[in-house]
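S.K.: Protein chains in written order, with the numbering used here: chain A, 1496 to 1624; chain B, 1496 to 1624; chain C, 1496 to 1624; chain D, 1496 to 1624.
In this text, a Cβ means the ideal position worked out from N, Cα and C, and glycines have one as well.
Number of protein chains: 4
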Amino acid sequence: MFELDVRSRKPIYEQLMDKIKEMILYGILKPDEQLPSVRTLSAQLTVNPNTIQKAYRELEREGYIYSQAGKGSFVAPSQQQPGAAQLAEMKERLLKLFAEAIYLGFTKSDIEKLYQQTMEEQERGKSSD
Amino acid sequence: MFELDVRSRKPIYEQLMDKIKEMILYGILKPDEQLPSVRTLSAQLTVNPNTIQKAYRELEREGYIYSQAGKGSFVAPSQQQPGAAQLAEMKERLLKLFAEAIYLGFTKSDIEKLYQQTMEEQERGKSSD
Amino acid sequence: MFELDVRSRKPIYEQLMDKIKEMILYGILKPDEQLPSVRTLSAQLTVNPNTIQKAYRELEREGYIYSQAGKGSFVAPSQQQPGAAQLAEMKERLLKLFAEAIYLGFTKSDIEKLYQQTMEEQERGKSSD
Amino acid sequence: MFELDVRSRKPIYEQLMDKIKEMILYGILKPDEQLPSVRTLSAQLTVNPNTIQKAYRELEREGYIYSQAGKGSFVAPSQQQPGAAQLAEMKERLLKLFAEAIYLGFTKSDIEKLYQQTMEEQERGKSSD
DNA sequence: GTGGTCTAGACCACC
DNA sequence: GTGGTCTAGACCACC
Chain A
1496 MFELDVRSRK PIYEQLMDKI KEMILYGILK PDEQLPSVRT LSAQLTVNPN TIQKAYRELE
1556 REGYIYSQAG KGSFVAPSQQ QPGAAQLAEM KERLLKLFAE AIYLGFTKSD IEKLYQQTME
1616 EQERGKSSD
Chain B
1496 MFELDVRSRK PIYEQLMDKI KEMILYGILK PDEQLPSVRT LSAQLTVNPN TIQKAYRELE
1556 REGYIYSQAG KGSFVAPSQQ QPGAAQLAEM KERLLKLFAE AIYLGFTKSD IEKLYQQTME
1616 EQERGKSSD
Chain C
1496 MFELDVRSRK PIYEQLMDKI KEMILYGILK PDEQLPSVRT LSAQLTVNPN TIQKAYRELE
1556 REGYIYSQAG KGSFVAPSQQ QPGAAQLAEM KERLLKLFAE AIYLGFTKSD IEKLYQQTME
1616 EQERGKSSD
Chain D
1496 MFELDVRSRK PIYEQLMDKI KEMILYGILK PDEQLPSVRT LSAQLTVNPN TIQKAYRELE
1556 REGYIYSQAG KGSFVAPSQQ QPGAAQLAEM KERLLKLFAE AIYLGFTKSD IEKLYQQTME
1616 EQERGKSSD
């Protein structure tokens, strides 16, 4: 299911968050679908339960999942109205990454193609219910 | 010259790297232009010399600047032919960020506008010699 | 009658307690009025009977309702003379919340308006017999 | 400095957050003042460092303090512009608490006095630099 | 020395 | 069985 790099500089809990976010964004994990329990994932990945829990807690804080004590953790329905701060932060991240991409020679049409590709992958994920 | 945020969670040396990268990407620092010495910058920013040193070392490792023993550090000429690995990594980063942006509701035209804006800023920087 | 949020972090039994307290405080449930039986409410809300039981038990402990074996649970008549400990505790809670409210910029007139609004809602509830 | 109740239902990290918030709100801890280090407080309170860190992390998330790895944790300058969500949540909390206070017989003038008292305590704290 | 991450476990409330 | 809290400890990057 997941592949984690324990040697990476990036903390394990962040790697986990990225993987799960990706699966949500690409529609592989559907809204209200149950995620593996903290213990199960801990055993599967041979990662400490506390580390899994930290990832889940942060994902909940960011609005990607919701957790219920005694029940489990579930994929949150996608946000309808992102906050102004969230939009501003994303804009900043896009501007910075574009600056680097242009430096490497990426053209407007390269960017458009990649955006289109991402859109299509998301559509595929969502329609494959 | 620089403004560092000591309250930020981001390490000082990373903030410094980002600022210098930005000035290179936007053409404010030109190829082969000399950067301030570690000592000068350390005094100007009231930041530990080791921290400046680390930022310069990392920037050199990433190919943004080069150092000449006894002379100083200089902006590297922009790479004409980025490696295949670099292009693949950038493509990956763009795909991931687009996935998040789409999740937040950014449209194709939003993306195009931001790309255009970045392009123009870079042009302005380079032509202002 | 009730709407429970299964996605909330707040335990179901606490949500239930809050709803019932609210209905008592706003006069929607009158003194000595009978509450639905544990079984009935359990079926209506599709919530485990143990959970309903726990909410009723806690509400009784706090003095909001009373139970008669074999008859059912009833709204307690509003306390005419709250204990000194209760008053002191409420005073403490108000002081703490005001400190936070002031920190967020709530003015004296904001506070007065909210108090007035609460008063009017309670009056409306009680007079609608 | 602090008194924690290990037997309480309220988690230790929340008790700690409340105490620190209180000291910030009443001006006992001033903006940019350094908090005791995680290790120091852990030893003083004989509470696990992880628990202290959890309290600090949450306080940072709520905007009361800021932490710098390698430096320490500090009181954040008071927020100038609280978010709309924050204001809405506080309004809700005030309405609920007023409903309970009215039930216990607190009058408008009681509420006003308590608000006034809180204001004065904050002023005293801030001016006693 | 500082905060941040992580392990290996225990115990708790909730359902 | 589930997530949430907590301990006792180790190691890391940063300054």
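Report whether the distance from the Cβ of B:K1591 to the nearest heavy atom of the ligand FMN is below 7 Å.
M.R.: The ligand FMN is not part of this structure, which contains no ligands at all.
S.K.: At a CB distance below 9 Å, what residues from the segment 1554-1565 of chain A approach chain C? Give them in sequence order.
M.R.: Answer set for the segment 1554-1565 of chain A: E1555, Y1561, S1562, Q1563, A1564 and G1565.
S.K.: What residues from the segment 1507-1525 of chain D come within 9 Å of chain C, judged by C-beta to C-beta, listed N to C?
M.R.: Cβ contacts with chain C come from D1513, K1516, E1517, I1519, L1520 and Y1521.
S.K.: Counting only Cβ pairs nearer than 7 Å, list the residues of chain C close to D:S1622.
M.R.: Along the fourth sequence, one-based indexing puts residue 1622 of chain D at 127. Going along chain C, no residue has its Cβ under 7 Å from D:S1622, so there is no contact; the nearest lies around 15 Å.
S.K.: Using the beta-carbon of each residue, which ones in chain A are nearer than 9 Å to C:R1619?
M.R.: Indexing the third sequence from 1 puts residue 1619 of chain C at position 124. Under the 9 Å cutoff, chain A gives no residues; its nearest Cβ is about 32 Å from C:R1619.
S.K.: I'd like to know if C:R1502 contacts chain A, where contact means its C-beta is closer than 8 Å to some C-beta of that chain.
M.R.: Stepping through the third sequence from its first residue, residue 1502 of chain C is reached at position 7. Closer than 8 Å: yes.
S.K.: Going by beta-carbon coordinates alone, are C:T1546 and C:I1507 separated by less than 8 Å?
M.R.: Working through the third sequence from its first residue, we reach residue 1546 of chain C at position 51. Working through the third sequence from its first residue, we reach residue 1507 of chain C at position 12. Contact: yes.
S.K.: Based on the DSSP secondary-structure assignment, which residues constitute the bridge partners of A:Q1529?
M.R.: Residue numbering aside, residue 1529 of chain A sits at position 34 when the first sequence is read from its first letter. Its beta-bridge partners are A:F1569.
S.K.: Give me the Cα-Cα distance between D:V1518 and C:E1616, rounded to the nearest whole angstrom.
M.R.: One-based indexing of the fourth sequence puts residue 1518 of chain D at position 23. One-based indexing of the third sequence puts residue 1616 of chain C at position 121. This sequence places Met at residue 1518 of chain D; Val is not what is there. Roughly 35 Å between the two C-alpha positions.
S.K.: Along the beta strand (DSSP E) that carries D:I1523, what are the first and last residues, could you check?
M.R.: Position 28 of the fourth sequence holds residue 1523 of chain D. That residue, D:I1523, is in no beta strand (DSSP E); it is neither H nor E in DSSP.
S.K.: Rounded to a whole number of angstroms, what is the C-alpha to C-alpha distance between C:I1523 and D:Q1539?
M.R.: Here residue 1523 of chain C is taken as the residue at index 28 of the third sequence, counted from 1. Here residue 1539 of chain D is taken as the residue at index 44 of the fourth sequence, counted from 1. Answer to the nearest angstrom: the Cα atoms are 50 Å apart.
S.K.: Run through chain A and tell me which residues come within less than 7 Å of B:T1613, C-beta to C-beta.
M.R.: The residue given as residue 1613 of chain B occupies position 118 in the second sequence. L1590, F1593, A1594 and I1597, listed in chain order.
S.K.: Write down every uninterrupted run of the alpha helix (DSSP H) in the segment 1570-1614 of chain C whose length is 4 residues or greater and which is fully enclosed by it, in chain order.
M.R.: Those alpha helix (DSSP H) runs which fall completely within the segment 1570-1614 of chain C and span 4+ residues are 1579-1598.
S.K.: C:Y1559 lies in the alpha helix (DSSP H); which residues open and close that run?
M.R.: Here residue 1559 of chain C corresponds to residue number 64 of the third sequence, with the count starting at 1. C:Y1559 -> no alpha helix (DSSP H), and no H or E assigned at all.
S.K.: Taking all protein chains shown into account, do 16 or more other C-beta atoms lie within 10 angstroms of the C-beta of C:Y1561, making it buried, or fewer, making it exposed?
M.R.: As a first step, residue 1561 of chain C must be located in the third sequence, where it is residue number 66. Label assigned to C:Y1561: exposed.
S.K.: Closest Cβ-Cβ distance between C:I1547 and chain D: below 8 Å?
M.R.: Translated into the one-based positions of the third sequence, residue 1547 of chain C becomes position 52. Not closer than 8 Å to any Cβ of chain D, the Cβ of C:I1547 fails to qualify, so no.
S.K.: Between B:R1504, B:F1497 and B:E1498, which lies nearest to D:S1568 when the distance is taken from Cα to Cα?
M.R.: For this step, residue 1568 of chain D is matched to residue 73 along the fourth sequence. Answer by Cα proximity: B:R1504.
S.K.: Within the 8 Å Cβ cut-off, does C:G1600 reach chain D?
M.R.: Your numbering for residue 1600 of chain C matches position 105 in the third sequence. Cβ-Cβ to chain D under 8 Å: yes for C:G1600.
S.K.: Using a cut-off of 7 Å between C-beta atoms, extract the partners of C:S1604 located in chain D.
M.R.: On the third sequence, residue 1604 of chain C is found 109 positions in, with the first residue counted as 1. Correct list: empty, because the minimum Cβ distance to chain D is about 10 Å.
S.K.: Rounded to the nearest angstrom, how far is the Cβ of D:M1512 from that of D:E1553, given a contact under 8 Å?
M.R.: For the purposes of this step, residue 1512 of chain D is identified with residue 17 of the fourth sequence, where counting begins at 1. For the purposes of this step, residue 1553 of chain D is identified with residue 58 of the fourth sequence, where counting begins at 1. That pair is a contact at about 6 Å.
S.K.: How long is the line joining the alpha carbons of C:K1603 and D:Y1610, rounded to whole angstroms?
M.R.: Here residue 1603 of chain C corresponds to residue number 108 of the third sequence, with the count starting at 1. Here residue 1610 of chain D corresponds to residue number 115 of the fourth sequence, with the count starting at 1. Answer to the nearest angstrom: the Cα atoms are 7 Å apart.
S.K.: For a contact meaning CB atoms closer than 9 Å, what does B:K1577 contact in chain A?
M.R.: The residue labelled residue 1577 of chain B in the question sits at position 82 within the second sequence. It is worth fixing the name first, because residue 1577 of chain B is Pro in this sequence and not Lys. Chain A residues near B:P1577: Y1598, L1599 and G1600.
S.K.: Figure out for me which residue from C:A1550, C:G1600, C:P1544 and C:E1587 has the closest Cα to the Cα of D:I1606.
M.R.: The residue labelled residue 1606 of chain D in the question sits at position 111 within the fourth sequence. The option with the nearest alpha carbon to D:I1606 is C:E1587.
S.K.: Applying a beta-carbon distance threshold of less than 9 Å, which residues of chain D neighbour C:L1499?
M.R.: Along the third sequence, read from residue 1 onward, the residue named residue 1499 of chain C stands at position 4. The premise fails here: C:L1499 is roughly 17 Å from chain D at the closest Cβ pair, so nothing lies under 9 Å.
S.K.: Using CA coordinates, which residue listed in A:Q1576, A:P1526, A:A1550 and A:K1525 is at the minimum distance from A:S1537?
M.R.: On the first sequence, position 42 is the one that residue 1537 of chain A refers to. Comparing Cα-Cα distances from A:S1537 to each of A:Q1576, A:P1526, A:A1550 and A:K1525, the minimum goes to A:A1550.
S.K.: So is A:Q1529 buried or exposed if we call it buried at 16+ other beta carbons inside 10 Å?
M.R.: Within the first sequence, the letter at position 34 stands for residue 1529 of chain A. It counts as exposed.
S.K.: Within a Cβ cutoff of 6 Å, which residues of the same chain sit near B:Q1510, ignoring the five residues on either side of it in sequence?
M.R.: Position 15 of the second sequence, counted from the first residue, corresponds to residue 1510 of chain B. Same-chain partners within the cutoff: L1499.
S.K.: Name, please, each residue of chain A whose Cβ falls closer than 7 Å to the Cβ of B:Y1610.
M.R.: The sequence position of residue 1610 of chain B within the second sequence is 115, counting from 1. Under the 7 Å cutoff, chain A gives F1593, K1603 and I1606.
S.K.: Are the C-beta of A:K1586 and some C-beta of chain B separated by less than 8 Å?
M.R.: Looking up residue 1586 of chain A in the first sequence gives position 91. Answer yes: the Cβ-Cβ gap between A:K1586 and chain B drops below 8 Å somewhere.
S.K.: Note down the Cα distance separating D:Q1548 from D:V1533, rounded to an integer number of angstroms.
M.R.: To locate residue 1548 of chain D, count along the fourth sequence from 1; it is residue 53. To locate residue 1533 of chain D, count along the fourth sequence from 1; it is residue 38. Looking at the two C-alpha atoms, the distance is approximately 6 Å.
S.K.: Could you say which of A:E1618, A:Q1576 and A:L1599 lies nearest to B:P1577 if we only look at CA atoms?
M.R.: Counted from its first residue, the second sequence places residue 1577 of chain B at position 82. Among A:E1618, A:Q1576 and A:L1599, the Cα nearest to that of B:P1577 is on A:L1599.
S.K.: Compare the beta carbon distance of D:V1570 and D:P1531 with 8 Å and say whether it is the shorter of the two.
M.R.: Along the fourth sequence, read from residue 1 onward, the residue named residue 1570 of chain D stands at position 75. Along the fourth sequence, read from residue 1 onward, the residue named residue 1531 of chain D stands at position 36. Not closer than 8 Å, so no.
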